[in-house]
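In what follows, a structure is listed as structure tokens, so that the remarks can point back to it.
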Amino acid sequence: MNTTNDNLASPTAWQDTEGDFPNCTDVEVGLKTLYLPIVYSIVFLVGFPGNVIAICVYSFKMRPWKSSTIIMLNLALTDLLYLTSLPFLIHYYASGEHWIFGEFMCKFIRFSFYFNLYSSIFFLTCFSAFRYVVIVHPMKFFHIQRKRWTAVACTAAWVVSLAAASPVNFLISLKEAQNRSLCLDLASSENVGTIRWYNWLLTMFAFFLPLLTVTLCYALIIYTLATGPHVRACYKQKARRLAIVLLLVFYVCFLPFHVFRVARVELRLCPVSCQVKKQIHSTYIISRPLAALNTCGNLLLYVVIGGNFQQAVRSLSRWKWSKYAQQPRSINYVTKSEFTLKL
1 MNTTNDNLAS PTAWQDTEGD FPNCTDVEVG LKTLYLPIVY SIVFLVGFPG NVIAICVYSF
61 KMRPWKSSTI IMLNLALTDL LYLTSLPFLI HYYASGEHWI FGEFMCKFIR FSFYFNLYSS
121 IFFLTCFSAF RYVVIVHPMK FFHIQRKRWT AVACTAAWVV SLAAASPVNF LISLKEAQNR
181 SLCLDLASSE NVGTIRWYNW LLTMFAFFLP LLTVTLCYAL IIYTLATGPH VRACYKQKAR
241 RLAIVLLLVF YVCFLPFHVF RVARVELRLC PVSCQVKKQI HSTYIISRPL AALNTCGNLL
301 LYVVIGGNFQ QAVRSLSRWK WSKYAQQPRS INYVTKSEFT LKL
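If you count by the numbering used here, then the sequence shown holds residues 1 to 343, one letter each, in order.
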């Protein structure tokens, strides 16, 4: 009997692959081999076509571009780049955490997640800041060239995101365990001391600071619209919907992931029981696809921003259909008896 193959085929025989407790059974196997592939697959199937449509709409059907259009196009682009990496993760977890694509792809896939995560956070923060300026201080910034400053802000968001995610390439590497190549997540990788400080820097400056900024911006926007003497009810309703969707992305997708990533890394350095570590690790695993769900949550944001996007989607659909309808077709006419015979 081939014991190596038996161990690989039986999830219950797997041991802890994180290096914390070599004799502690890995109780998160079900989460890794079922939950992660299923949720990542749903995110890919919904997010990939949705973001392709969004990019086409913003690129061809919403000219001339406004500040919000430029930011949303950049957001859709970074989401699409990340979604193209999901099939590799789906295969990795569905096959029982056996990475077959080499060390370069392991680093790239993990890097793409963090790059998308923080570029999305920065783009949404820029979007919130621009809306705050336009609504709360419209006269102060009336003569500013908004498109130019939007382009500068988006470029800065790309550069800062790249700088924030780049250390991942140096902190992550393949690990061989039980005849498997493991492409570990950042919080589970070796060199925990360095990862701890990097994790805190990311969490404080790349998440909590933008979270505070976005929350304050929309609190002030809603307050300004609510107390404004000549503000239409439809504008107030749109602002509330937009604030709800955007804050849901931050508090449902981003917040749990950052909280449990900090807990996961900190507990790896604390003398606590195996069971506590496993419970925190399980919760952290659950929170990881929630962070990826922002690629779908952003689709709701595109719709809520305004009716122009919805009209552009319908216009794009009609254009595609009319183009298809104009294609010459060869029509074969058959009699009723011939049709019956073919059936």
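The beta carbon of each residue, even a glycine, is placed where N, CA and C say it ideally should be. Quick caveat: nothing in here was measured; it's all calculated off a predicted structure.
C-beta neighbour in chain D for residue i, strict 7 Å
i	result
R288	Of the protein chains in the structure, only one exists, and it is not chain D.
Close-in-space but distant-in-sequence residues of the same chain around residue i (CB under 7 Å, 5 per side omitted)
i	result
L202	A164
Y235	L225
T125	P210, T213, V214
F101	F88
S161	F115, Y118, S119, F122
Residue closest to residue i, alpha-carbon to alpha-carbon, out of the options
i	options	result
P37	E97, V214, I305, S128	E97
W65	I90, A151, Y118	A151
A239	I221, T227, L247, G228	I221
F104	T215, T84, T227, L174	L174
L246	W200, S273, L290, I305	I305
E241	H258, S282, Y302	Sequence inspection shows Arg at residue 241; the Glu mentioned does not correspond to that position. It is Y302 whose Cα lies nearest to the Cα of R241.
V265	F130, R110, G193	G193
C154	C106, T227, S67, C217	S67
R110	F208, C126, N169	N169
L89	P271, R146, L182	L182
R180	V57, W99, A233, I244	W99
V259	F208, N298, M139, L45	F208
T33	F48, Y93, G47, V46	Y93
L299	Y58, V160, R146	Y58
S95	Y35, V272, T125	Y35
P256	V272, L211, I244	L211
W149	F130, L162, V52, M139	F130
L184	P138, C106, G50, A292	C106
Y251	F108, V159, A291, M139	A291
G228	A243, I53, P138, F108	P138
R63	K147, Y132, V52	K147
Beta-bridge partners of residue i, as assigned by DSSP
i	result
L182	K175
Same chain, Cβ closer than 6 Å to residue i, five either side skipped, listed in chain order
i	result
N294	S120, V249, C253
I55	A76
E190	none
L267	K277, I280
F123	I71, N74, L75, A157
A206	Y118, A164
L81	none
F21	Reliability of the predicted coordinates at F21 is poor, the pLDDT of 48 falling under 50, and the value obtained from them is presented with this limitation in mind. Excluding sequence neighbours, F21 sits near C274.
G50	L299
Q237	none
R232	none
Rounded distance between the beta-carbons of residue j and residue i, thought under 8 Å
i	j	result
Y40	L86	5 Å
T78	N116	5 Å
P289	V134	Not confirmed; about 34 Å, so no contact.
L83	F60	That pair is no contact at about 20 Å.
C270	V46	Not quite, the Cβ-Cβ distance comes to about 38 Å (not below 8 Å), so this is no contact.
C217	S128	4 Å
Y132	P167	The Cβ separation is near 31 Å, so there is no contact.
Contact set for residue i: own chain, Cβ-Cβ below 8 Å, skip 5 residues either direction
i	result
V136	L220, I221, T224
L31	S282, I285, I286
I195	L171, L186, A187, S189, V265
W200	V262
A243	Y218, I221, I222
*Which runs of the beta strand (DSSP E), 3 residues or longer, sit entirely within the region 121-175?*
Counting only runs of at least 3 residues, the region 121-175 fully encloses no beta strand (DSSP E) element at all.
*With a floor of 4 residues, list each alpha helix (DSSP H) that falls wholly inside the region 71-107, ordered by position along the chain.*
Counting whole runs of 4 or more residues, the region 71-107 contains the alpha helix (DSSP H) stretches 86-94.
*asked:* Give the list of continuous alpha helix (DSSP H) stretches no shorter than 4 residues that lie fully inside the region 210-295.
replied: If we require 4 residues or more, the alpha helix (DSSP H) runs fully inside the region 210-295 come out as 233-248, 255-268, 274-292.
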